[in-house]
Each structure stands twice: as structure tokens, then as C-alpha cells.
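**Q** Taken in sequence, the protein lines are chains A and B. Everything in the first sequence is counted per the UniProt record's numbering, starting at 1 for the first residue and increasing by one. Everything in the second sequence is counted per the UniProt record's numbering, starting at 1 for the first residue and increasing by one. Can you keep this structure in mind? I'll have questions shortly.
Protein chains: 2
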Amino acid sequence: MSRPDLERLGAVYPRYLNAVVLHGLATAQAVGLGATDLYAIGALTFEGRMTSGELAAKTGLTTGATTRLIDRLEQRGLVRRVPDPADRRRVLVEAVEDEAVDLDDTLAPAREKLGAVFASCSPEQIAALTEHFERATPAFHEAIEAIRKAE
Amino acid sequence: MSRPDLERLGAVYPRYLNAVVLHGLATAQAVGLGATDLYAIGALTFEGRMTSGELAAKTGLTTGATTRLIDRLEQRGLVRRVPDPADRRRVLVEAVEDEAVDLDDTLAPAREKLGAVFASCSPEQIAALTEHFERATPAFHEAIEAIRKAE
DNA sequence: GGTAATATCTGCATGAAAGCAGAGAATGTT
DNA sequence: AACATTCTCTGCTTTCATGCAGATATTACC
């Protein structure tokens, strides 16, 4: 791979990441949630129900703070507490589908604009992007883990 | 473009974005900054000096809150206030290079892991990714603007 | 030159998020 | 059956980012 290509990527990529994060912050603020709360909803939506403790690990919060986080989300009807039948100390938390309406509205502009970006891609480009996202996602999660361990 | 391709992208992409945002949050926390503060540094680094008011517009904060944001960053030596010679009401803010050492360390894991992801791409894939990032960045910024207007 | 508009800063107040330490409930371990 | 461990929750406290409204300084307009 030629050097100019990599240089261009190196210039573009940080700005891109910055924009993604800022969009996340703006979204959270628009729906009246903290950024961590918004992430938690995402995690619950994408990965399904999990225990309070698992959510604490994912968010990097203490278990106490996580209880409060779940309280907040439950009060807004975005999330539901379900007792774990197998271990009654545990609480399973699951996202309430259909209740994230305003969140959906807030994400609409991004969906629209990025939809346009993707729509003008060739199938080969879509394939390349999909593969990248698939590989980058675990990379970010590993980096998160490394960051937290280093603290 | 075939439907299965788009479905796969639709499944992967939200998780990817979630991971990026979470990484941003974890990074901010690791260096002891708020998420907004971290974004501000990025904006100043990538776009160069700007006035306090411009920074307020970019972050979505009031000018008062932005003054405090600059105070915080200045106290840590990450940012510098420079009087605008053309208009002495204004204050230009610029990132202090070389001072973001711990931030660099915190970003190191992501750089490494994502570097590996990019390194195993063909030149064509790199080109597709770079082009995507270039087009997605303004799309996100437009979406941010739309979100804030809708509020 | 005098008044209005603009840009940043300050004081004050508030709300919200998170940590910590201990309580309560359930499970496992010997 | 007793004890230790695990999981979530609660009370309390602290920290901190942010808004708001007014103060101050500078520039623009008439």
C-alpha cells in the first residue's frame, strides 16, 4: 500500500471518529439521557438481556452506580427489570422495544444522511465497509478494556 | 446491491457506532476529562484555532459554559488563549501541541488494534474506507445540526 | 460622539452522575 | 447447619458540568 494513501487515511480517520462521538453526545443530550445511559440502551438492545453486574462491567461503572442507571432507564420505560429465575440474587435487565420512539426520531437525521452515503456505494465497497465494521468493533472493545486496565 | 448485503450492514453498523462512542467515553474518563472537553480538544487540534464563540457553537454549550470549558483545558495546559488582534472582544483558543501526552498514551491501544485492521486491507479497500470516512464525517455533522435544531 | 450590538467572563445556583461503604437477600461450600 | 461469598440495592457525600443572568470590554452604526 502506498504511503500517500495511508497518510490520507490518517488525516481523515481521527476527524471521522470525533464526529461519531460528538454525534453520540448530541443524541444523548437531545433525548435527555447521559452518554453512558445511551450506551447502555444500545448494549441491551444489541446484545439482549444481561445482569446488572454485566452491565456494570460493560459501562465501567460500579454496581451501585449501575443500579441508579437502571433506575433512570426504567423510570423512562426504556428498560425492564426481570428477576433471574436461576439465581434470585441477580436482576436481568432488558430493553423495552417500542419505547425508544424519541430516540428513533433523534437518530433519523443520521440514518438518512448516512443512508445516502451508503446508497451510492458499489456492492464491493459495501462489502469492504461491512467487513471493516465487523473487525473494528471488537478492536474498539479490546482497546476499551486495555484503557481501563491501564488506569 | 443485494438485500442480504444491506441487512448485514444494518446489523453490524449500529454496534460499531456504539463501540466507537463507548471508546470515546472511556478515553475521556481515563484522562480525567469530560466527554465534551475531549471533543473540544479534538476540534481544536483538527480545525486549528477558533474563537470561544465558535467552540460554543460546535459543542452546543452556552458561551458561559464554554468559558469554563476553556478554563479547565487551559489549566491542564492542553489549550491556550490568544487575544484576537483583529477584534479584541474575541478570544482565540488553540490546542497546545506536545501537551497531550497522556491522551496519546490512552489512544495507543486503539491505534494499535485498528492499525492492525487497516494493515490487512488491500489498497482498494483502504481507498473505499477512506472515501467513506470522508463522506460520513460531514454527514454526521449535518445530523448533529439537525438534532440540535429539532430540540 | 452616543447608542446599540456583540463577545467573553463572572457569580450564583442547580441538577445530575458517580463513588463508597454497608445492608439485605440468595447461593455455595464444608 | 453454619459460614463465607456473591449480587444488587440504599444512604450519604462529593464532584463537576452546565445554565442563567448580569457585568465588562470592545466594536459597529447612525
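Note that the Cβ used here is the ideal one computed from N, Cα and C, for glycine as well.
1) Does the ligand GDP have even one heavy atom less than 6 Å from the beta-carbon of residue 142 of chain B?
2) Terminal residues of the continuous alpha helix (DSSP H) containing residue 54 of chain B?
3) Less than 8 Å between the CB atoms is what I'm expecting for residue 40 of chain B and residue 25 of chain B, so what's the real figure, rounded?
4) Grab the span of the alpha helix (DSSP H) containing residue 124 of chain A for me, first residue to last.
5) Within 10 Å of its beta-carbon, does residue 15 of chain B have 16 or more other beta-carbons around it, so buried, or fewer, so exposed?
6) With a threshold of 7 Å on Cβ separation, who are the neighbours of residue 72 of chain A within its own chain once the five nearest residues in sequence on each side are excluded?
7) Decide yes or no for the touch test of the segment 76–89 of chain B against the segment 46–62 of chain A: beta carbon pairs closer than 8 Å, at least 3 of them.
8) Confirm, please, whether the CB-CB distance from residue 110 of chain A to residue 30 of chain B is below 7 Å.
9) Please look up how many angstroms separate the CB atoms of residue 127 of chain A and residue 104 of chain B, rounded, as I've assumed it's under 8 Å.
10) For the alpha helix (DSSP H) that contains residue 74 of chain A, what are its first and last residues?
11) Hey, could you find the ends of the alpha helix (DSSP H) residue 109 of chain A is sitting in?
12) Would you please state the rounded distance, in angstroms, between the beta carbons of residue 134 of chain B and residue 12 of chain A? I believe it to be under 8 Å.
13) What does the Cβ neighbour count give for residue 46 of chain B, buried or exposed, with the cut at 16 atoms within 10 Å?
14) So who's on the other strand from residue 79 of chain A, going by DSSP bridges?
15) Does the beta carbon of residue 142 of chain A sit closer than 7 Å to a beta carbon anywhere in chain B?
16) Along chain B, in chain order, which residues have C-beta atoms closer than 7 Å to that of residue 151 of chain A?
17) Does residue 126 of chain B have its Cβ less than 7 Å from a Cβ in chain A?
18) Using beta carbons (cut-off 7 Å, strictly below), is residue 130 of chain A in contact with chain B?
19) From A:88, A:113 and A:107, pick the residue whose C-alpha is nearest to that of residue 136 of chain B; which is it?
20) With burial defined as no fewer than 16 other Cβ atoms inside 10 Å of the residue's Cβ, what is the status of residue 60 of chain B: buried or exposed?
21) Would residue 106 of chain B be called buried (16 or more neighbouring beta carbons within 10 Å of its own) or exposed?
22) So is residue 42 of chain A in contact with chain B if we call contact Cβ pairs under 7 Å?
23) Can a CB atom of chain B be found closer than 7 Å to the CB of residue 137 of chain A?
24) Going along chain B in order, which residues have a C-beta closer than 9 Å to the C-beta of residue 68 of chain A?
25) Counting only beta-carbon atoms, is residue 7 of chain A nearer than 7 Å to chain B?
26) Using the Cα positions of residue 48 of chain A and residue 95 of chain A, report the straight-line distance between them to the nearest angstrom.
**A** Taking the coordinates as given:
1) This structure simply doesn't include the ligand GDP, nor any ligand for that matter.
2) For residue 54 of chain B, the enclosing alpha helix (DSSP H) stretches over residues 52–59.
3) Going by Cβ atoms, the distance from residue 40 of chain B to residue 25 of chain B rounds to 15 Å, so no, they are not a contact pair.
4) In the DSSP annotation of this structure, the continuous segment of the alpha helix (DSSP H) that includes residue 124 of chain A starts and ends at 123–150.
5) Label assigned to residue 15 of chain B: buried.
6) If you ignore the 5 residues before and after residue 72 of chain A, its C-beta comes within less than 7 Å of the C-beta of 37, all in its own chain and listed in chain order.
7) Contact between the segment 76–89 of chain B and the segment 46–62 of chain A is absent, with fewer than three C-beta pairs closer than 8 Å.
8) Against a cut-off of 7 Å, the Cβ pair of residue 110 of chain A and residue 30 of chain B comes out as no contact.
9) 33 Å between Cβ atoms; not a contact.
10) In the DSSP annotation of this structure, the continuous segment of the alpha helix (DSSP H) that includes residue 74 of chain A starts and ends at 63–75.
11) Here the alpha helix (DSSP H) through residue 109 of chain A covers 101–119.
12) Right, their Cβ atoms sit about 5 Å apart.
13) Residue burial is scored here from C-beta neighbours: residue 46 of chain B has fewer than 16 other C-beta atoms within 10 angstroms and is therefore classed as exposed.
14) Residue 79 of chain A pairs with A:95.
15) In terms of beta-carbon proximity, residue 142 of chain A lines the interface with chain B, with at least one pair separated by less than 7 Å.
16) Neighbours of residue 151 of chain A in chain B, taken as residues at a C-beta separation under 7 Å, are given in chain order as 30.
17) Against chain A, the CB of residue 126 of chain B has a partner CB under 7 Å away; the residue lies at that interface.
18) At least one beta carbon of chain B lies nearer than 7 Å to the beta carbon of residue 130 of chain A.
19) Selected option, being the one with the closest Cα: A:113.
20) So residue 60 of chain B counts as buried.
21) It is buried - the Cβ of residue 106 of chain B has at least 16 other Cβ atoms within 10 Å.
22) For residue 42 of chain A, the answer is yes, since a Cβ of chain B falls inside 7 Å of its Cβ.
23) Cβ-Cβ to chain B under 7 Å: yes for residue 137 of chain A.
24) Within 9 Å Cβ-Cβ: nothing; residue 68 of chain A doesn't reach chain B, min ~17 Å.
25) Residue 7 of chain A has a beta carbon lying at 7 Å or more from every beta carbon in chain B.
26) Approximately 7 Å between the Cα atoms of the pair.
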